[in-house]
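K.L.:
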Amino acid sequence: MLFAIALSVPVIFWEIWRFVTPGLKKNERRYGWVFLIAIAVLFALGALVAWYTVEPAMKFLLNAGGSSIQPFISADKYLTLVALMLAAFGVAFEFPVLLVFLLLVRVVTTSQLRSIRRYMIVGIVIFSAVITPSSDPFSLFFMAIPMYLFYEISIVIGRVMKR
Numbered sequence: 003m004l005f006a007i008a009l010s011v012p013v014i015f016w017e018i019w020r021f022v023t024p025g026l027k028k029n030e031r032r033y034g035w036v037f038l039i040a041i042a043v044l045f046a047l048g049a050l051v052a053w054y055t056v057e058p059a060m061k062f063l064l065n066a067g068g069s070s071i072q073p074f075i076s077a078d079k080y081l082t083l084v085a086l087m088l089a090a091f092g093v094a095f096e097f098p099v100l101l102v103f104l105l106l107v108r109v110v111t112t113s114q115l116r117s118i119r120r121y122m123i124v125g126i127v128i129f130s131a132v133i134t135p136s137s138d139p140f141s142l143f144f145m146a147i148p149m150y151l152f153y154e155i156s157i158v159i160g161r162v163m164k165r
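For what it's worth, this note's numbering labels the leading residue of the sequence shown as 3, then goes sequentially.
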């Protein structure tokens, strides 16, 4: 079922794009293509990071109980964990697209984003702790650090767009 959903998402987004496009101006359509490409690339990057995060996360979780505990891992539980990790990281890596969109439509400004930087660090770490399906520190930091870097890059992009 997850595989079918993953295959159908591009078609769904294409249909939404075809519905919205007639109401957009030419320069707005150009932004739309940039956003669509950024969404696809960032989701794939997030899934790639998750793919390389699963192994250290599993090692940590399996060794957390010590040698006296015998792990019982079934294929369906493992595949569910991997699928959830891929989805969680893919969605979390869409964060800069959201920020740039909010900057573009002037909901927030770069000065506002710079002024709440400390709160965003805490919020990103809390978000990363909640959204990662495993409770290991590797997944948390492999998600939180890129999200904060994306936050800073979004501020830079917003300042460049302002010029």
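Ideal Cβ positions, reconstructed from N, Cα and C, are used throughout, including at glycine. None of the values given here were measured: they were computed from a predicted structure.
So, are the CB atoms of Ile133 and Tyr150 less than 8 Å apart?
P.N.:
no
K.L.:
At the level of alpha carbons, what is the spacing between Leu50 and Val124?
P.N.:
Cα-Cα distance, rounded: 25 Å.
K.L.:
Going straight from the alpha carbon of Ile41 to that of Trp16, what length do you get?
P.N.:
Roughly 13 Å between the two C-alpha positions.
K.L.:
Note down, one range per segment and in chain order, each beta strand (DSSP E) of at least 3 residues found wholly within the stretch 62 to 144.
P.N.:
none
K.L.:
So, at 8 Å on beta carbons, what are the nonlocal neighbours of Arg142 in its own chain, with the 5 sequence-adjacent residues on each side left out?
P.N.:
Residue 142 is actually Leu in this sequence, not Arg. Excluding sequence neighbours, Leu142 sits near Val127, Ser130, Ala131 and Thr134.
K.L.:
Please state whether DSSP places Leu50 in a helix, a strand or coil.
P.N.:
helix
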